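To start, the structure itself, in structure tokens.
There are 2 protein chains.
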Amino acid sequence: MTTGLRERKKLRTRRALGAAALELAVAHGLADVTVEQIAEAADVSPRTFFNYFSSKEEAVVAADVERARDMGERLAERPAGEPVLESVRAVMREMVGDAPRSREWIAQARLVRSEPTLVPQQLAAYVAAEAHLTAIIAERTGRSPQDLYPAVTAAAVMAAMRVATTRWLESDEHGDLAAVVDQVIDLLAGGLSRAP
Amino acid sequence: MTTGLRERKKLRTRRALGAAALELAVAHGLADVTVEQIAEAADVSPRTFFNYFSSKEEAVVAADVERARDMGERLAERPAGEPVLESVRAVMREMVGDAPRSREWIAQARLVRSEPTLVPQQLAAYVAAEAHLTAIIAERTGRSPQDLYPAVTAAAVMAAMRVATTRWLESDEHGDLAAVVDQVIDLLAGGLSRAP
DNA sequence: CTGCAAATCTGCAGAGACTGCAAGTTCGGC
DNA sequence: GCCGAACTTGCAGTCTCTGCAGATTTGCAG
Numbered sequence: 575m576t577t578g579l580r581e582r583k584k585l586r587t588r589r590a591l592g593a594a595a596l597e598l599a600v601a602h603g604l605a606d607v608t609v610e611q612i613a614e615a616a617d618v619s620p621r622t623f624f625n626y627f628s629s630k631e632e633a634v635v636a637a638d639v640e641r642a643r644d645m646g647e648r649l650a651e652r653p654a655g656e657p658v659l660e661s662v663r664a665v666m667r668e669m670v671g672d673a674p675r676s677r678e679w680i681a682q683a684r685l686v687r688s689e690p691t692l693v694p695q696q697l698a699a700y701v702a703a704e705a706h707l708t709a710i711i712a713e714r715t716g717r718s719p720q721d722l723y724p725a726v727t728a729a730a731v732m733a734a735m736r737v738a739t740t741r742w743l744e745s746d747e748h749g750d751l752a753a754v755v756d757q758v759i760d761l762l763a764g765g766l767s768r769a770p
Numbered sequence: 575m576t577t578g579l580r581e582r583k584k585l586r587t588r589r590a591l592g593a594a595a596l597e598l599a600v601a602h603g604l605a606d607v608t609v610e611q612i613a614e615a616a617d618v619s620p621r622t623f624f625n626y627f628s629s630k631e632e633a634v635v636a637a638d639v640e641r642a643r644d645m646g647e648r649l650a651e652r653p654a655g656e657p658v659l660e661s662v663r664a665v666m667r668e669m670v671g672d673a674p675r676s677r678e679w680i681a682q683a684r685l686v687r688s689e690p691t692l693v694p695q696q697l698a699a700y701v702a703a704e705a706h707l708t709a710i711i712a713e714r715t716g717r718s719p720q721d722l723y724p725a726v727t728a729a730a731v732m733a734a735m736r737v738a739t740t741r742w743l744e745s746d747e748h749g750d751l752a753a754v755v756d757q758v759i760d761l762l763a764g765g766l767s768r769a770p
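As you go down the protein sequences, you meet chains C and F in turn.
Position 6 of the first sequence, counted from 1, bears residue number 580 in this note's numbering, the numbering being contiguous throughout.
Position 70 of the second sequence, counted from 1, bears residue number 644 in this note's numbering, the numbering being contiguous throughout.
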């Protein structure tokens, strides 16, 4: 892990920009936040903002991308013999446990639901994670990444996760996300043939 | 069906704008096409363009949205007793048969793959269709749209269709899309447990 | 066919998003 | 310490996108 000062600094400003964008958007609504404000809050020039992100929307969703990457890494660390769907179940259980992060996650998720411009970006983040997941599944099952199996599994799993989190946010939110995840995974494993 | 002159005219300019946007983007690359050019090609003012679409990207992907809506309508017309996955299989077979439309479809699909800005919009189109599909599945299985089953099924199916078309485009394209669709549906129906 | 109300189109002005470029600043290695 | 590479910044300029107000067109009733 060669993390020179340079790289660390870059990561720090990237995170600062993402956090500032999210915070400001939650507070004032995305439309009423300018790149200039975001840059100022992160203590860089507006021009630098565009060296990191190509749009406001991308910055707001940056945390999601990181979360997805995190999910991928955790999946890669699961025991090799474990069925893919079970690995996903386990990883989601781990991640749901992160209470402190959950706060900002919920804020962001609700923001996305209320700002139409963010929806496409959010989906792009999911699909980026999907590509990573495809590679992991391919390696783990000893299949080629060109094979349909890893790709379809990854896509279906990510889609199911999306549905699970959406439903969880829509309902009282007091319910257990892990339980919802369990249900959607059962549906997938059951071949989508019968209802719960 | 009350299609007054007004509505028909609106639909016509909407399609003209979408087609112009797609055509120009394929010819010159999306970045080198301005809204002004698109509007001119469709014979309306630039301001009017924004009365129909909120961005260039949305216009380019408009045909996709229509196609997704079409798929939804065809699904709704399938016999009620048919299993959902089988209905999807049948509908895709029908739609693949439309040779004339396929040309522009392939052009658009290839464009999306080469223009990063279009990816999020494309995904948004898929998800919009997903909502429609959810409603259809809910009605057909007699379940509430709030239920997880219709939502997960719709999401998984759309994700699988996305993978199928992507793979089909990536490979020589001479293969049969219907065959790829068959494979991905088999994977879903099999609970994602084994490889083909 | 005529006139009215609503829907639509258009031009204009203006705020912001975003990019290429060239000049400064900082970091990493020798 | 010093040089090259990487990063930041300001600036100029183009394009996107929006609100508004005044035409223009359409649907409908009389």
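All C-beta atoms, glycine included, are put in the ideal place defined by N, C-alpha and C.
Computed from a prediction, not measured in an experiment: that's the story for all the values here.
So is residue i buried or exposed if we call it buried at 16+ other beta carbons inside 10 Å?
{"i": "F/SER661", "result": "buried"}
{"i": "C/THR608", "result": "exposed"}
{"i": "C/LYS630", "result": "buried"}
{"i": "C/PRO724", "result": "buried"}
{"i": "F/ALA654", "result": "exposed"}
{"i": "F/LEU761", "result": "buried"}
{"i": "C/THR577", "result": "exposed"}
{"i": "C/GLY671", "result": "exposed"}
{"i": "F/LEU585", "result": "exposed"}
{"i": "C/GLU632", "result": "buried"}
{"i": "C/ALA605", "result": "exposed"}
Output needed for residue i: all residues of its chain with C-beta closer than 6 Å, excluding positions within five of it in sequence on either side, in chain order.
{"i": "F/TYR626", "result": "ARG588, LEU591"}
{"i": "C/MET575", "result": "Unreliable placement is indicated for C/MET575, whose pLDDT of 48 sits below 50; the coordinate value is still reported in the next sentence. Taken in chain order, the list of residues that qualify is empty."}
Tell me whether residue i sits in a helix, a strand or coil according to DSSP, three-state version.
{"i": "F/VAL754", "result": "helix"}
{"i": "F/PRO620", "result": "helix"}
{"i": "C/GLU656", "result": "coil"}
{"i": "C/SER661", "result": "helix"}
{"i": "C/PRO690", "result": "coil"}
{"i": "F/THR727", "result": "helix"}
{"i": "F/VAL639", "result": "helix"}
{"i": "C/LEU766", "result": "coil"}
{"i": "C/GLU651", "result": "coil"}
{"i": "F/THR587", "result": "helix"}
{"i": "F/VAL701", "result": "helix"}
{"i": "C/VAL670", "result": "helix"}
{"i": "C/GLN682", "result": "helix"}
{"i": "F/GLN695", "result": "helix"}
Given residue i, which residues of its chain have a CB within under 8 Å of its CB, disregarding the five upstream and five downstream residues?
{"i": "F/ARG643", "result": "ALA703, HIS706"}
{"i": "F/LEU743", "result": "ILE680, ALA683, ARG684, ARG687"}
{"i": "F/ARG652", "result": "SER661, ALA664, VAL665"}
{"i": "F/ALA709", "result": "PRO719, PRO724"}
{"i": "F/VAL658", "result": "ILE711, ARG714, THR715, THR727, VAL731"}
{"i": "C/GLY749", "result": "TRP742"}
{"i": "F/VAL701", "result": "MET732"}
{"i": "C/ALA752", "result": "MET666, ARG667, VAL670"}
Could you pull out every residue in the same chain whose Cβ sits closer than 7 Å to the Cβ of residue i, ignoring the five residues on either side in sequence?
{"i": "F/GLU610", "result": "PRO620"}
{"i": "C/GLN696", "result": "VAL635, ASP638, VAL686"}
{"i": "C/ALA699", "result": "VAL635, ASP638, VAL639, ALA642"}
{"i": "C/GLU668", "result": "ARG648"}
{"i": "F/VAL693", "result": "VAL686"}
{"i": "F/ALA615", "result": "ALA594, LEU598"}
{"i": "C/GLY603", "result": "none"}
{"i": "F/ALA613", "result": "SER619, PRO620, THR622, PHE623"}
{"i": "F/GLU689", "result": "LEU604"}
{"i": "F/VAL754", "result": "ALA738, ARG741, TRP742"}
Quick check: the stretch 615-626 of chain C against the stretch 707-715 of chain C, are at least 3 beta-carbon pairs closer than 8 Å? No contact exists between the stretch 707-715 of chain C and the stretch 615-626 of chain C.
Is the number of C-beta pairs between the stretch 718-737 of chain C and the stretch 650-666 of chain C that are closer than 8 Å three or more? yes
For the pair the stretch 599-607 of chain F and the stretch 684-691 of chain F, tell me if three or more CB-CB distances fall below 8 Å. yes
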